[in-house]
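Accompanying notes for the structure given below.
Numbering (this note's numbering), first residue to last: 707 to 850.
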């Protein structure tokens, strides 16, 4: 019997959620912004409808490959909401300075050993995505 694979819809929802988390935490400040802190207000990010279509081609393939690799190796995630999985994956990758409780360790409906294993797997990912340039008008994002 073959291992279940994530559907295109699952991966799209996963990636959209992960990209929204990225913009929320990592968007570089606008040039005229006096506040040098990365990130945007959640409400401003949410209305943009970010997704794989928001990334440049090369980065789109790399981001999708990272998401596919993570979910495909953990078929137990296919029973979970892909939006929550994408958010938790990105938060876990960011590490301890992210938003405690929003990574996999914060999922109370999963067994503690599974939560910890998922969190550690996300943190060990070979893919690293950091700061992004967010074009609010075009709803595009680019890793820098």
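Yeah, the Cβ is synthetic: ideal placement off N, Cα and C, and Gly gets one too.
>> Considering just the uninterrupted stretch of the beta strand (DSSP E) at residue 840, what are its terminal residues?
In response: Translated into positions along the chain shown, residue 840 becomes position 134. First-last of the beta strand (DSSP E) with residue 840: 838-841.
>> So, for residue 720: in the same chain, excluding its five sequence neighbours on each side, which residues have a beta-carbon less than 6 Å away from its beta-carbon?
In response: For the purposes of this step, residue 720 is taken as the residue at position 14 of the chain shown. Within the same chain, residue 720 has close Cβ partners 773, 788, 791, 792.
> What did DSSP end up calling residue 823 once you bin it into helix, strand or coil?
Replying inline: Position 117 of the chain shown, counting from 1, holds the residue named residue 823. Correct three-state label for residue 823: helix.
> Is the beta carbon of residue 770 sitting closer than 8 Å to the one on residue 777?
Replying inline: Position 64 of the chain shown holds residue 770. Position 71 of the chain shown holds residue 777. No. Outside cutoff.
>> Quick check: residue 710 and residue 762, are their CB atoms within less than 8 Å of each other?
In response: Counting from one through the chain shown, the residue named residue 710 turns up at place 4. Counting from one through the chain shown, the residue named residue 762 turns up at place 56. Against a cut-off of 8 Å, the Cβ pair of residue 762 and residue 710 comes out as no contact.
>> Just to check my reading of the structure: residue 766 and residue 801 have Cβ atoms closer than 8 Å, yes? What is that Cβ distance to the nearest angstrom?
In response: Along the chain shown, one-based indexing puts residue 766 at 60. Along the chain shown, one-based indexing puts residue 801 at 95. Not quite, the Cβ-Cβ distance comes to about 24 Å (not below 8 Å), so this is no contact.
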